[in-house]
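Chemist: Take this structure first; my questions come after.
Protein chains: 4
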Amino acid sequence: MNSIDKLSEIFSHFPGIGPRQARRFVYYLLSRNHNFSEDLIRAIENIKREITQCSSCHRFFTKNGSPSTLCSICADASRDSSLLMVVPRDIDLEAIERSGSFNGYYFVLGGSLPILEKEPEKRIRISNLEIRINKDWEKLKEIILGMNANAEGENTADFIKEKFKNLDIPFTTLGRGLSTGAELEYADPETLKNALLHRSK
Amino acid sequence: MNSIDKLSEIFSHFPGIGPRQARRFVYYLLSRNHNFSEDLIRAIENIKREITQCSSCHRFFTKNGSPSTLCSICADASRDSSLLMVVPRDIDLEAIERSGSFNGYYFVLGGSLPILEKEPEKRIRISNLEIRINKDWEKLKEIILGMNANAEGENTADFIKEKFKNLDIPFTTLGRGLSTGAELEYADPETLKNALLHRSK
Amino acid sequence: MNSIDKLSEIFSHFPGIGPRQARRFVYYLLSRNHNFSEDLIRAIENIKREITQCSSCHRFFTKNGSPSTLCSICADASRDSSLLMVVPRDIDLEAIERSGSFNGYYFVLGGSLPILEKEPEKRIRISNLEIRINKDWEKLKEIILGMNANAEGENTADFIKEKFKNLDIPFTTLGRGLSTGAELEYADPETLKNALLHRSK
Amino acid sequence: MNSIDKLSEIFSHFPGIGPRQARRFVYYLLSRNHNFSEDLIRAIENIKREITQCSSCHRFFTKNGSPSTLCSICADASRDSSLLMVVPRDIDLEAIERSGSFNGYYFVLGGSLPILEKEPEKRIRISNLEIRINKDWEKLKEIILGMNANAEGENTADFIKEKFKNLDIPFTTLGRGLSTGAELEYADPETLKNALLHRSK
Numbered sequence: 466m467n468s469i470d471k472l473s474e475i476f477s478h479f480p481g482i483g484p485r486q487a488r489r490f491v492y493y494l495l496s497r498n499h500n501f502s503e504d505l506i507r508a509i510e511n512i513k514r515e516i517t518q519c520s521s522c523h524r525f526f527t528k529n530g531s532p533s534t535l536c537s538i539c540a541d542a543s544r545d546s547s548l549l550m551v552v553p554r555d556i557d558l559e560a561i562e563r564s565g566s567f568n569g570y571y572f573v574l575g576g577s578l579p580i581l582e583k584e585p586e587k588r589i590r591i592s593n594l595e596i597r598i599n600k601d602w603e604k605l606k607e608i609i610l611g612m613n614a615n616a617e618g619e620n621t622a623d624f625i626k627e628k629f630k631n632l633d634i635p636f637t638t639l640g641r642g643l644s645t646g647a648e649l650e651y652a653d654p655e656t657l658k659n660a661l662l663h664r665s666k
Numbered sequence: 466m467n468s469i470d471k472l473s474e475i476f477s478h479f480p481g482i483g484p485r486q487a488r489r490f491v492y493y494l495l496s497r498n499h500n501f502s503e504d505l506i507r508a509i510e511n512i513k514r515e516i517t518q519c520s521s522c523h524r525f526f527t528k529n530g531s532p533s534t535l536c537s538i539c540a541d542a543s544r545d546s547s548l549l550m551v552v553p554r555d556i557d558l559e560a561i562e563r564s565g566s567f568n569g570y571y572f573v574l575g576g577s578l579p580i581l582e583k584e585p586e587k588r589i590r591i592s593n594l595e596i597r598i599n600k601d602w603e604k605l606k607e608i609i610l611g612m613n614a615n616a617e618g619e620n621t622a623d624f625i626k627e628k629f630k631n632l633d634i635p636f637t638t639l640g641r642g643l644s645t646g647a648e649l650e651y652a653d654p655e656t657l658k659n660a661l662l663h664r665s666k
Numbered sequence: 466m467n468s469i470d471k472l473s474e475i476f477s478h479f480p481g482i483g484p485r486q487a488r489r490f491v492y493y494l495l496s497r498n499h500n501f502s503e504d505l506i507r508a509i510e511n512i513k514r515e516i517t518q519c520s521s522c523h524r525f526f527t528k529n530g531s532p533s534t535l536c537s538i539c540a541d542a543s544r545d546s547s548l549l550m551v552v553p554r555d556i557d558l559e560a561i562e563r564s565g566s567f568n569g570y571y572f573v574l575g576g577s578l579p580i581l582e583k584e585p586e587k588r589i590r591i592s593n594l595e596i597r598i599n600k601d602w603e604k605l606k607e608i609i610l611g612m613n614a615n616a617e618g619e620n621t622a623d624f625i626k627e628k629f630k631n632l633d634i635p636f637t638t639l640g641r642g643l644s645t646g647a648e649l650e651y652a653d654p655e656t657l658k659n660a661l662l663h664r665s666k
Numbered sequence: 466m467n468s469i470d471k472l473s474e475i476f477s478h479f480p481g482i483g484p485r486q487a488r489r490f491v492y493y494l495l496s497r498n499h500n501f502s503e504d505l506i507r508a509i510e511n512i513k514r515e516i517t518q519c520s521s522c523h524r525f526f527t528k529n530g531s532p533s534t535l536c537s538i539c540a541d542a543s544r545d546s547s548l549l550m551v552v553p554r555d556i557d558l559e560a561i562e563r564s565g566s567f568n569g570y571y572f573v574l575g576g577s578l579p580i581l582e583k584e585p586e587k588r589i590r591i592s593n594l595e596i597r598i599n600k601d602w603e604k605l606k607e608i609i610l611g612m613n614a615n616a617e618g619e620n621t622a623d624f625i626k627e628k629f630k631n632l633d634i635p636f637t638t639l640g641r642g643l644s645t646g647a648e649l650e651y652a653d654p655e656t657l658k659n660a661l662l663h664r665s666k
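Protein chains in written order, with our numbering: chain A, 466 to 666; chain B, 466 to 666; chain C, 466 to 666; chain D, 466 to 666.
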C-alpha cells in the first residue's frame with residue numbers, strides 16, 4: 466500500500482467518512498503547504514499530550530499543566546452535588562452545558578448500548594459509573610439518565626436501572642415532548658402522549 | 466390554454482405539488498381508463514356533498530344522511546367537557562386522536578398565524594373559537610393550545626392568549642422535550658431545558 | 466369507507482403520492498371553495514373529452530373540434546419523415562420538443578420494460594410501433610431509440626432491436642457522455658468512455 | 466484556544482467538514498488508543514516525505530526512493546504521446562484511469578476557474594501547462610480539455626483555448642450526452658441536443 470492509500474485508509478475510519486472523502490482529505494493535505502501538515506501533526510500530538518480524562522466524570526479535558534485529575538466542571542464546588550447526569554458522550558455533555566440549564570455533575574458513559582449488545586461492560590463505563598456513584602452516594606438525591614430519545618438510549622437507560630436496582634437513589638429520564646420545530650401532524654403517538662402529559666401554563 | 470395545461474395548472478395548486486408533478490398527474494389520468502376518472506370525479510363530488518364542517522369544532526366530517534350538525538367527537542357525550550384542545554388543522558386533530566391520549570373536545574382553527582400577520586381574523590377562526598368557549602365556559606377548566614413547536618405555532622398561541630386574556634379559564638401549551646428519535650447532540654437549548662424540566666422517574 | 470377515505474385512496478394512486486399526502490389533498494379540496502372543486506371536475510372531464518391519442522404517434526393531444534386523428538406534430542408535413550424517434554412516454558417527447566433539436570417524427574411507447582418483464586407486449590405498444598414503421602418503411606432511414614440511460618431503457622432498446630432485427634432500417638441510440646452538471650470524479654467508466662469517444666473540437 | 470478547539474479548527478478546513486463534524490473527529494481521536502494517533506501522524510509525515518509532484522503532469526505520486534521526477538504514467542513510454550489530456554485535479558485523473566479508456570498523457574491543472582476569476586494564473590498551473598505543451602509540441606496532435614460539464618469547467622476550457630489560440634494543435638472537449646442513469650424527462654436541452662448529435666448504432 467503506498468502512502469496515499471495508507472493515509473486514506475486511516476481517514477476512512479473517521480466518523481461519517483467513506484473511502485472517497487478520505488482520499489479527498491489526502492489530496493487536500495498534499496495541496497496545502499508544509500506548515501498546514503505540521504500544524505495538524507502538532508495539534509494531534511498536543512491533544513494526546515495535553516488532554517486527559519477526568520478521573521470523576523471521564524470526559525476529556527485540557528490539563529494545562531495542572532496536576533489536578535479533575536475537569537473544570539468536576540472541580541467546581543459550587544455546582545449541585547445532589548444531581549448526577551449520565552450522558553453517552555462528551556459531545557452530549559457539551560450540548561447540555563451550552564443550554565445552561567443544568568448545574569449538577571456529569572458522568573460520561575463513553576457510548577450507548579445497541580439492543581442485544583452481548584458485552585455491555587466493554588461498551589460503556591458501567592464499573593466506573595458504579596465507583597462514581599459510590600463515592601457520592603450520601604449526597605446524591607437523583608441520577609438523571611441523559612440518553613438520546615431512541616431505542617439505543619432507552620436500552621442503555623434500562624441496563625443502568627437494572628444494574629443499580631438495589632440503589633436507594635432515584636433514576637430519572639429526560640422529559641419527552643415536542644422538540645423545537647416538531648409538528649403535530651408528524652409526531653408519533655409517544656411524543657404526543659408526553660406532550661399532553663407535560664403541558665404547562 | 467389547452468385542457469392538459471388547464472388541469473396541470475389546477476393540480477399545481479395542490480399542497481407540495483410543482484408544475485412538473487402536476488403534469489405527471491394529468492398524464493397519469495389520461496393513461497388510466499375512463500372508470501378511474503369517473504371514480505375520481507364522483508369522489509370529489511361526494512366529499513363536497515357528504516362532508517360538512519362540524520358546527521362545534523369546525524372539523525370536516527361525513528354527514529351520512531344524519532341531520533346532526535355535530536361530528537362524532539363533538540356528539541360523544543362521554544368525553545371530558547372540562548378540556549378543550551385548540552389545533553391548527555384537521556390533520557393535527559387526527560394525529561392526536563390516533564395517539565389515543567386525549568379525551569376532551571377539540572376546536573380546529575383552520576390554520577395558524579405567521580409572524581406579523583396583518584389580518585389574523587381572516588386566517589384563523591378566532592370568532593368561532595370565542596363562540597365555542599362562551600358556549601361551555603362554565604364546564605371548561607382548561608384550554609390546551611395544541612400548536613406546532615415552531616415560531617408560527619407560538620405566535621398563534623400568543624395571539625389566542627392575548628385575545629382571551631380576560632377569560633377566567635387557564636390556557637396551557639403542549640409539553641416541550643425530546644421528541645422520539647431526538648439526540649442530545651443536535652437538540653437546541655430550549656428543548657434541552659424542557660427535557661430537564663420535565664424529567665420523570 | 467367514508468368519502469374522505471375514498472378520495473384519499475384514489476389520490477394515493479397518483480404517481481409519487483403516499484397516503485399522508487393524499488389525505489392532505491382531500492383537506493385542501495375541502496378548504497377551497499366550491500368553485501375550485503367544480504373547476505377541477507370540469508378540467509378532468511375536459512381532458513377525457515377533448516384529449517385523444519394520436520393515431521400515428523400515440524401521444525395525447527387536444528382535438529379542438531377537428532376531425533383529424535393526428536396530433537400537431539404528426540400532421541406537420543414539413544418535418545423530416547426519414548427520422549422516427551421512439552420514446553417511452555409523452556413527457557419524454559415534450560422534453561425533446563422543448564430542446565428544439567429534433568425535427569423528425571415520434572412514437573410514444575407508453576412505458577418501458579423492466580428487466581425480465583414477462584409480458585412486454587402488454588407493457589409497451591410494440592404492435593402499434595410495428596404498424597407505424599410499416600406505414601412509412603420506404604421513407605424511414607433511421608429509427609432513434611430515445612430511451613433513458615438506465616437498465617430499463619437499455620432493456621427496452623434491446624427488446625425493440627430484437628423484435629425488428631429483420632428490418633432493413635438502422636436503429637440508433639442516443640449519445641452517451643457527460644450530462645450538464647456531471648463531474649469527472651463522480652462519473653462512471655461507461656460515461657467517461659463515451660465522453661472520450663464523442664469528444665469534439 | 467485549548468488543544469481540542471485547535472485541532473477542531475484545523476479539521477474544519479478539510480473539504481466538506483463543518484465545525485461540528487470536526488469536533489467529532491477530535492473526540493474520535495481521543496477515544497482511540499495511542500497507536501491510532503501515532504499511525505495517523507506517521508502517515509501524514511509519510512505523504513509529505515514520500516509523495517512528490519510529477520515534473521511533467523504535476524500529479525502527486527510516490528517516489529519510492531527512485532530519483533525519477535516522473536510519475537508512473539509519465540514515465541511509461543508505451544502510452545500515446547500524440548494525446549494530452551488536461552484535467553482539473555488528481556482525483557479526476559484517477560477516475561479516467563479507472564475507466565481504462567484513455568491511453569495518452571495527462572496534465573493536472575490543480576483546480577478550475579470560477580467565472581470572473583481575477584487571478585487565473587494563481588489558481589491553475591497555466592504556465593506549467595505551457596511548458597508541458599512546448600516540450601512535446603512536435604508530437605502532440607490533440608489536447609483534450611477534460612473538464613467537468615459545468616460553468617466552471619467551461620470557463621476553464623475557454624480560458625485555456627484563448628491562452629493558446631496561436632498554437633497549431635487542436636483542442637477538443639469531452640463529449641456531452643446522457644450520463645449513465647440520466648432520464649430524458651429531467652435532461653436539459655443542451656444534454657438532449659448532444660445526445661441526439663452523438664447518437665450511434
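Glycine included, C-beta positions come from ideal geometry on N, C-alpha and C.
(1) Given 8 Å as the limit, tell me if residue 526 of chain A has its C-beta closer than that to any heavy atom belonging to the ligand HEM.
(2) Is the segment 469-484 of chain B close to the segment 636-649 of chain A, with three or more CB pairs under 8 Å?
(3) For residue 571 of chain B, decide whether its Cβ has a neighbour in chain C, counting only Cβ atoms nearer than 9 Å.
(4) Suppose contacts are defined by Cβ-Cβ distances below 9 Å. Is residue 630 of chain B in contact with residue 636 of chain A by that definition?
(5) Could you give the distance in angstroms between the alpha-carbon of residue 597 of chain D and the alpha-carbon of residue 633 of chain C?
(6) Between which two residues does the beta strand (DSSP E) containing residue 621 of chain D stretch?
(7) Say whether the segment 573-590 of chain B touches the segment 540-549 of chain B, bearing in mind that this needs 3 or more beta-carbon pairs closer than 8 Å, one atom from each stretch.
(8) Closer than 9 Å, Cβ to Cβ, to anything on chain D: give me those residues from the segment 482-493 of chain A, in chain order.
(9) Report yes or no: is there a C-beta of chain D within less than 9 Å of the C-beta of residue 554 of chain A?
(10) Give the DSSP-derived three-state secondary structure of residue 641 of chain D in the structure shown.
(11) Whole angstroms are fine: how far does the CA of residue 592 of chain A sit from the CA of residue 578 of chain A?
(12) Grab the span of the beta strand (DSSP E) containing residue 517 of chain D for me, first residue to last.
(13) For a minimum of 3 consecutive residues, which ranges assigned as the beta strand (DSSP E) are wholly contained in the segment 496-558 of chain C?
(14) Measuring only the C-alpha atoms, how far is residue 486 of chain D from residue 476 of chain D?
(15) Scan the segment 574-591 of chain A for residues whose Cβ lies nearer than 7 Å to a Cβ of chain B and list them as they occur along the chain.
(16) Enumerate in chain order the residues of its own chain whose CB-to-CB distance from residue 573 of chain C is below 7 Å, with the five nearest sequence positions on each side excluded.
(17) Does DSSP put residue 608 of chain C in a helix, in a strand, or in coil?
(18) With DSSP collapsed to three states, give me the class of residue 567 of chain D.
(19) List the DSSP bridge partners of residue 573 of chain C.
(20) Of the residues that make up the segment 610-623 of chain A, which ones have a beta carbon closer than 9 Å to any beta carbon in chain D?
(21) Taking a Cβ distance cut-off of 7 Å, strictly less, list which residues of the segment 643-658 of chain D are near chain C, in chain order.
(22) Out of A:518, A:498 and A:481, which has the shortest C-alpha to C-alpha gap to residue 496 of chain D?
(23) Assuming residue 661 of chain A is part of the alpha helix (DSSP H), what are its boundary residues?
(24) Going by C-alpha to C-alpha distance, which of D:515, D:583, D:489 and D:663 sits closest to residue 481 of chain A?
(25) Alpha helix (DSSP H) containing residue 582 of chain C: first to last residue?
(26) Identify whether residue 490 of chain B lies in helix, strand or coil by the three-state DSSP scheme.
(27) Output needed for residue 580 of chain A: all residues of its chain with C-beta closer than 8 Å, excluding positions within five of it in sequence on either side, in chain order.
(28) Does the distance from the C-beta atom of residue 509 of chain C to that of residue 502 of chain B stay below 9 Å?
(29) Would you say residue 625 of chain D and residue 661 of chain C are within 9 Å of each other, going by their C-beta atoms?
(30) Would you identify the three-state DSSP class for residue 636 of chain D, choosing helix, strand or coil?
(31) Taking residue 480 of chain B as the query, report the chain C residues whose CB atoms sit under 8 Å from its CB, ordered along the chain.
(32) Please confirm whether residue 499 of chain D has its beta-carbon closer than 9 Å to some beta-carbon of chain A.
(33) Distance check for residue 582 of chain B and residue 627 of chain B, CA to CA, integer angstroms please.
(34) Along the chain, where does the alpha helix (DSSP H) containing residue 648 of chain C start, and where does it finish?
(35) When burial is assigned at 16 or more other CB atoms within 10 Å of the CB, is residue 570 of chain D buried or exposed?
Modeler: Walking through what the data contain:
(1) Judged by which ligands are present, the structure shown has none, so any question about the ligand HEM falls away.
(2) no
(3) no
(4) Residue 630 of chain B places its beta carbon 9 Å or farther from that of residue 636 of chain A.
(5) Taking the straight line joining both Cα atoms gives about 50 Å.
(6) Taken as a continuous stretch (DSSP letters only), residue 621 of chain D belongs to no beta strand (DSSP E), being part of the alpha helix (DSSP H) at 616-628.
(7) Judged by Cβ distances under 8 Å, the segment 573-590 of chain B makes no contact with the segment 540-549 of chain B, as fewer than three pairs qualify.
(8) Per Cβ criterion, the list reads 482, 485, 486, 488, 489, 490, 491, 492 and 493.
(9) yes
(10) Strand.
(11) Between residue 578 of chain A and residue 592 of chain A, the C-alpha separation is close to 15 Å.
(12) Element bounds for residue 517 of chain D: 516-518.
(13) 516-518, 525-527 and 548-552
(14) Their Cα atoms are separated by approximately 8 Å.
(15) Contacts with chain B (Cβ-Cβ distance below 7 Å) from the segment 574-591 of chain A involve no residue at all.
(16) 522, 523, 524, 552, 554, 555 and 558
(17) strand
(18) coil
(19) Its beta-bridge partners are C:552.
(20) From the segment 610-623 of chain A, no residue has a Cβ closer than 9 Å to chain D.
(21) 643, 644, 645, 646, 647, 648, 649, 650, 652, 653, 654, 655, 656, 657 and 658
(22) A:518
(23) 654-662
(24) D:489
(25) From DSSP, residue 582 of chain C is part of no alpha helix (DSSP H); its letter is neither H nor E.
(26) helix
(27) 616, 617 and 620
(28) Yes, the Cβ-Cβ distance between residue 509 of chain C and residue 502 of chain B is below 9 Å.
(29) no
(30) strand
(31) 486, 489, 490 and 493
(32) yes
(33) 15 Å
(34) Neither: residue 648 of chain C is in no alpha helix (DSSP H) and is coded neither H nor E.
(35) buried
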